[in-house]
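Quick note, the sequences are listed as chains A and B, same order.
Count along the first sequence from 1, add 1020, and you get the number used in my numbering.
Count along the second sequence from 1, add 269, and you get the number used in my numbering.
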Amino acid sequence: MKLRTLFLAAALAGLAAGAVTAAEPQEVREGLMKKIGGSMGALSAIAKGQKPYDAEVVKASLTAISTSIKAFPDQFPAGSEANSEASPKIWENKADFDAKAASLGADADTLLAQLPADPAGVGAALGKLGPHCGDCHQVYRVKK
Amino acid sequence: MARRARKLVSTVLFLGVVVAGGAWFVTKPERWPAAHWDGFGAPDLSHGEQVFWAGGCTSCHAAPGAEGDAKLVLSGGLPLKSPFGTFHVPNISPDDTAGIGRWTLAQFGDAMTRGVGPDGEHLYPSFPYGSYARLTPTHVNDLYGYIKTLPKSPNVAPPHDLPFPYDIRASLGGWKLLFYSDKPRVPVDPANAKLVRGQYLVEGPGHCGECHTPRNALGGFRTDLWLAGAPNPDGEGQIPNITPGSKAIGAWSEADIATYLETGFTPDFDSAGGSMAEVVQNIAKLPAADRDAIAAYLKAVPAR
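Below you can see the structure in the form of structure tokens.
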């Protein structure tokens, strides 16, 4: 509660000073996760045949996953635990958390280097990327 | 304050149950008659493996954090925090001394479906025998056979850490009298084989209600709120409502639910977190028809 008041005060002070306040880390990281989710959705639509195969979409989706996950671990400054689904374990095991993010980034980059060429290839790519989500969320995300 | 009051109420109620527990003849551990477990012959091991994954045994009994094949070592040791104290999950690997290697099928089956331990003692319902009670004896036999094939572990978990009065096992007879039931939680059309299968998986081995159904002060299900969501038993947050009235998944189609149980992805590509991520890993190992059956059942339960 106190923390929220502090944030509010800080935000208001920022506004009063006319400064452009950067989005809070909670919002930034949620946005990054949503971007990854959206990209997974676009890939899945192709894999399931709901959308035609489009190399540009595949490339854009994989690129979005790669860049988002690489920026992700930097969005957890001390004090940003509140008002989010982030587990306190992120801050206790930051190195492990970072490694999990990096391993998804590496898999996305491998796929970018050899772009899946048809819906079946996109399906196989999802099979590589998907398990990262559950693997990390199991430990580091708290559903609220 | 409210929490303290609740705790007090729980304690007083529980003491009442202990008194009731004095009525030993109504509350003594009740095994199946020995003949119940006779004559099943050689277990079907591959079906036993399916019961094993449907039951989510590894989620509690594997060493915390185990992955891959290490999950098949049921060494126990995971602490389960609850409002009644901390339970330490036991070793159920087939080790002769540390595990269940010497248990007979009857001992194993009575533990699974009646909450009675190998020495005739009551087991705590942190082990979800209230759900497993619905397992057919044939399925118990298959599961028993499969677990016997898994690696042995010498690990010995610490004893449960429960404050008075919850440390009195005899009182569990009262708890069972009040809350134990192997009857259907909700009615489904018995002519619909898919729904019947879904009901079996959800109410039985899947033990979904253990987290998704709210409990009263004594830890019994609030049966009118079946699968309606509850506070997370092992930490922060809320376990979602999964009835058709759910804000989280009420709008999902059966196919959406089945896909989620296979991949962990929601229709808008959010993904499962916390202990549900592990549940998905287990349920993904079942045949697709089982996930479809679970989805059909979840659409058929009363909306809450």
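We put the beta carbon where it would ideally sit given N, CA and C, even for glycine.
When burial is assigned at 16 or more other CB atoms within 10 Å of the CB, is T405 (chain B) buried or exposed?
T405 (chain B) is exposed by the Cβ-count criterion.
Excluding sequence positions up to five away, which residues of its chain have a Cβ less than 7 Å from the Cβ of D458 (chain B)?
Result list for D458 (chain B): L464, in chain order.
Looking at the C-beta of S540 (chain B), does it have a partner C-beta in chain A at a distance below 8 Å?
Closer than 8 Å: yes.
Mind checking which residues open and close the alpha helix (DSSP H) that includes S975 (chain A)?
A question about residue 975 (chain A) goes unanswered here, because the residues of chain A that appear run from 1021 up to 1164.
Leaving out five residues on either side along the sequence, give the residues of the same chain with a beta carbon under 6 Å from the beta carbon of G1038 (chain A).
Note that G1038 (chain A) has pLDDT 39, beneath the 50 cutoff, so the model's placement of it is unreliable and the number below is only indicative. Within the same chain, G1038 (chain A) has no close Cβ partners at all.
Chain A beta carbons: is any one of them nearer than 8 Å to that of A546 (chain B)?
It does; some Cβ of chain A falls within 8 Å.
Taking a contact to mean a Cβ-Cβ separation below 8 Å, would you say D559 (chain B) touches L419 (chain B) in this structure?
Taking 8 Å as the Cβ cut-off, D559 (chain B) and L419 (chain B) do not qualify as a contacting pair.
In three-state DSSP terms, what is G1038 (chain A)?
Confidence is the limiting factor: at G1038 (chain A) the pLDDT is only 39, short of 50, which leaves the residue's position unreliable, though a coordinate-based value still follows. Coil at G1038 (chain A), not helix or strand.
Would a C-beta distance cut-off of 8 Å place A1052 (chain A) and Q1095 (chain A) closer than the cut-off?
Reading off the sequence, residue 1052 (chain A) comes out as Leu, not Ala. Contact: yes.
Since F257 (chain B) meets chain A, which of its residues come closer than 9 Å, beta carbon to beta carbon?
Nothing can be reported for residue 257 (chain B), as the shown portion of chain B is limited to 270 through 573.
Considering only C-alpha positions, which residue in the set A:E1112, A:A1140, A:Q1134, A:N1113 is nearest to Y1073 (chain A)?
Here the closest residue by C-alpha is A:A1140.
Closest to M1067 (chain A) by C-alpha separation, out of A:S1100, A:G1143, A:S1088, would be which residue?
Looking at the sequence itself, residue 1067 (chain A) is Ala, so the reference to Met does not match. The option with the nearest alpha carbon to A1067 (chain A) is A:G1143.
Given a threshold of 16 other Cβ atoms within 10 Å of its Cβ, counted over all protein chains shown, does N551 (chain B) qualify as buried or as exposed?
Looking at its Cβ environment, which holds 16 or more other Cβ atoms inside 10 Å, N551 (chain B) is buried.
DSSP on F433 (chain B), reduced to helix/strand/coil?
Reduced to three states, the DSSP call for F433 (chain B) is coil.
Does R454 (chain B) come out as helix, strand or coil in the three-state DSSP assignment?
R454 (chain B) falls in the coil class under three-state DSSP.
What does the alpha-carbon distance come out to for the pair I1056 (chain A) and D1127 (chain A)?
Those two C-alpha atoms are separated by around 14 Å.
Assign L343 (chain B) to one of three DSSP states: helix, strand, or coil.
In this structure, L343 (chain B) counts as coil in the three-state DSSP scheme.
Would I526 (chain B) pass as an interface residue toward chain A - the criterion being a Cβ-Cβ separation below 8 Å?
Not one chain A Cβ lies under 8 Å of I526 (chain B).
Using 8 Å as the Cβ pair cut-off and three pairs as the minimum, do the stretch 409-417 of chain B and the stretch 300-318 of chain B touch?
Contact holds: three or more Cβ-Cβ distances are below 8 Å.
In the DSSP assignment, what are the bridge partners of A499 (chain B)?
According to DSSP, A499 (chain B) bridges with B:I508.
To the nearest whole angstrom, what separates the beta carbons of G442 (chain B) and P556 (chain B), a pair I think is in contact under 8 Å?
At roughly 39 Å, the Cβ-Cβ gap does not stay under 8 Å, so G442 (chain B) and P556 (chain B) are not in contact.
So which residues on chain B does G1057 (chain A) lean against when the C-beta distance must stay under 7 Å?
The contacting residues are D537, F538, D539.
Nearest chain A C-beta to L317 (chain B) closer than 8 Å, yes or no?
The sequence shown places Gly at residue 317 (chain B), not Leu. With 8 Å as the cut-off, G317 (chain B) does not count as an interface residue toward chain A.
Any C-beta of chain A sitting closer than 8 Å to the C-beta of Q550 (chain B)?
It does: the Cβ of Q550 (chain B) has a partner Cβ on chain A nearer than 8 Å.
Write down the C-beta distance between I511 (chain B) and L496 (chain B) rounded to the nearest angstrom, noting that I regard them as a contact closer than 8 Å.
I511 (chain B) to L496 (chain B), Cβ: 5 Å. Contact.
Could you tell me which chain B residues have their CB closer than 9 Å to the CB of G1150 (chain A), listed as they occur along the chain?
Chain B residues near G1150 (chain A): T532, G533, F534, S540.
Using 8 Å as the limit for Cβ to Cβ distance, is G346 (chain B) near chain A?
Not one chain A Cβ lies under 8 Å of G346 (chain B).
Report yes or no: is there a C-beta of chain A within less than 8 Å of the C-beta of V543 (chain B)?
Note on residue identity: the sequence assigns Gly, not Val, to residue 543 (chain B). Interface residue, yes.
Give the secondary structure of G317 (chain B) by DSSP, where H, G and I count as helix, E and B as strand, and everything else as coil.
Correct three-state label for G317 (chain B): helix.
DSSP three-state call for H476 (chain B): helix, strand or coil?
Three-state result, H476 (chain B): coil.
Does the count of Cβ pairs from the stretch 419-436 of chain B and the stretch 337-356 of chain B closer than 8 Å reach three?
Because the criterion of three Cβ pairs below 8 Å is met, the stretch 419-436 of chain B and the stretch 337-356 of chain B touch.
Between the beta-carbon of G473 (chain B) and the beta-carbon of S400 (chain B), is there less than 8 Å?
Cβ atoms of G473 (chain B) and S400 (chain B): closer than 8 Å.
Can you round the beta-carbon distance between V295 (chain B) and H330 (chain B) to whole angstroms, since I take them to be within the 8 Å contact cut?
In fact, because the Cβ distance is near 31 Å, the residues do not count as touching under 8 Å.
Using CA coordinates, which residue listed in A:R1049, A:Q1046, A:S1064 is at the minimum distance from A1146 (chain A)?
The residue you asked about is not Ala; residue 1146 (chain A) is Leu in the sequence shown. Of A:R1049, A:Q1046, A:S1064, the residue nearest in Cα terms is A:S1064.
Please state whether the Cβ-Cβ distance between G542 (chain B) and H1157 (chain A) is less than 8 Å.
Yes, they are a contact pair.
Write down the C-beta distance between Y449 (chain B) and G506 (chain B) rounded to the nearest angstrom, noting that I regard them as a contact closer than 8 Å.
Going by Cβ atoms, the distance from Y449 (chain B) to G506 (chain B) rounds to 28 Å, so no, they are not a contact pair.
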